[in-house]
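To keep things clear, I will list the structure first and then write my remarks on it.
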Amino acid sequence: MGVRVQAAPFDQGAEIAAFTAAAAGAGAVVSFTGIVRPDHGLTGMEIEHYPGMTEKAIRSILDQAVRRWSLVDGLVVHRYGLLAPGEAIMMVATAAPHRGDAFAAAEFLMDYLKSRAPFWKKESRDGGATWVAAREADEDALKRW
Amino acid sequence: MIDVLYFAWVRERIGLPREQVETRAATVAGLVDELRAREERYAAAFADTSALRVALDQELADFDAPLAGVREVAFFPPMTGG
Chain S
7 MGVRVQAAPF DQGAEIAAFT AAAAGAGAVV SFTGIVRPDH GLTGMEIEHY
57 PGMTEKAIRS ILDQAVRRWS LVDGLVVHRY GLLAPGEAIM MVATAAPHRG
107 DAFAAAEFLM DYLKSRAPFW KKESRDGGAT WVAAREADED ALKRW
Chain X
9 MIDVLYFAWV RERIGLPREQ VETRAATVAG LVDELRAREE RYAAAFADTS
59 ALRVALDQEL ADFDAPLAGV REVAFFPPMT GG
């Protein structure tokens with residue numbers, strides 16, 4: 007299981023290749039990459055996090071995913087700091103014997119990272135910067151698990 | 009003494025990322041009451057605790073959770089990861 011919280015950009019292709027090569031016995035690898043949406047007027051996104059708790063929270067979410075589905079391996083990479091529109095914010099990858107488990111675990115990871123990992127996003131536009139509010143739909147998404 | 013941390017708009021509203029607080033409060037809610045009474049900027053940040061989340065020693069907790077033995081309390085808005 008891999009958890010990385012970093013300011014530096016990551017190469018999603020290289021991450022998936024290394025993850026797949028290390029996931030011996032897997033028949034399926036699923037990955038998701040979140041990108042700063044180039045919404046109209048958006049000039050940047052600043053991501054703040056809670057060093058220490060962030061890593062622990064992500065690890066605990068990954069541990070739950072491993073217990074629930076038969077995962078061979080899981081990876082979460084999440085950036086913080088100032089990001090430009092179009093840049094990758096984060097990625098998850100899951101490896102399992104079959105695709106059903108890999109897809110379900112990746113969705114579970116995304117739903118939980120969204121509202122249970124201590125990150126906060128602030129969007130900059132020409133008029134100023136505003137904190138992104140959590141959506142009720144994100145909290146509701148946890149109920150399906 | 010406990011370390012109290014603030015993140016995102018809570019940090020901005022209070023004007024600092026962390027501080028050490030001498031408290032006799034038994035619960036998180038008691039600590040919030042003490043902080044609110046300090047200054048207007050605290051009162052503003054803690055005006056509506058339903059808009060806030062709290063972590064005790066880096067684990068999510070409730071506002072009625074006891075503070076006994078806790079070393080680090082963090083206040084922040086609902087998280088927006090992913």
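Protein chains in written order, with my numbering: chain S, 7 to 151; chain X, 9 to 90. Where is the CB? At the ideal position from N, CA and C, for every residue including glycine. In this text the structure is predicted, and so the values were computed from the model without any measurement.
If the five residues before and after residue 92/S are omitted, its C-beta is found closer than 7 Å to the C-beta atoms of 41, 42 and 44, all from its own chain and listed in chain order.
Nearest to residue 65/S by C-alpha distance, out of 83/S, 48/S and 53/S, is 83/S.
Using a Cβ-Cβ cut-off of 9 Å, residue 9/S does not count as an interface residue toward chain X, since no Cβ of chain X sits closer than that to its own. Leaving aside the five residues that flank residue 151/S on each side, the residues in its chain whose CB is nearer than 6 Å to its CB run, in chain order, 114. Taking residue 134/S as the centre and dropping the five residues before and after it, the same chain places no C-beta closer than 6 Å to its C-beta. At least 9 Å separates the beta-carbon of residue 125/S from that of residue 79/S.
Counting only the Cα atoms, residue 52/X lies some 24 Å from residue 74/X.
Inclusion of residue 59/S and residue 67/X in the CB contact set at 9 Å is warranted, their separation being smaller than that value.
Rounded to whole angstroms, the separation of the alpha carbons of residue 81/X and residue 65/X is 6 Å. For the pair residue 101/S and residue 85/S, the Cα-to-Cα distance works out to about 22 Å.
Contact between residue 105/S and residue 34/S is confirmed by a C-beta separation of about 4 Å, below the 8 Å threshold. The criterion of a C-beta distance shorter than 9 Å is not satisfied by residue 71/X and residue 12/X. Taking residue 59/X as the centre and dropping the five residues before and after it, the same chain places the C-beta of 85 closer than 7 Å to its C-beta, in chain order.
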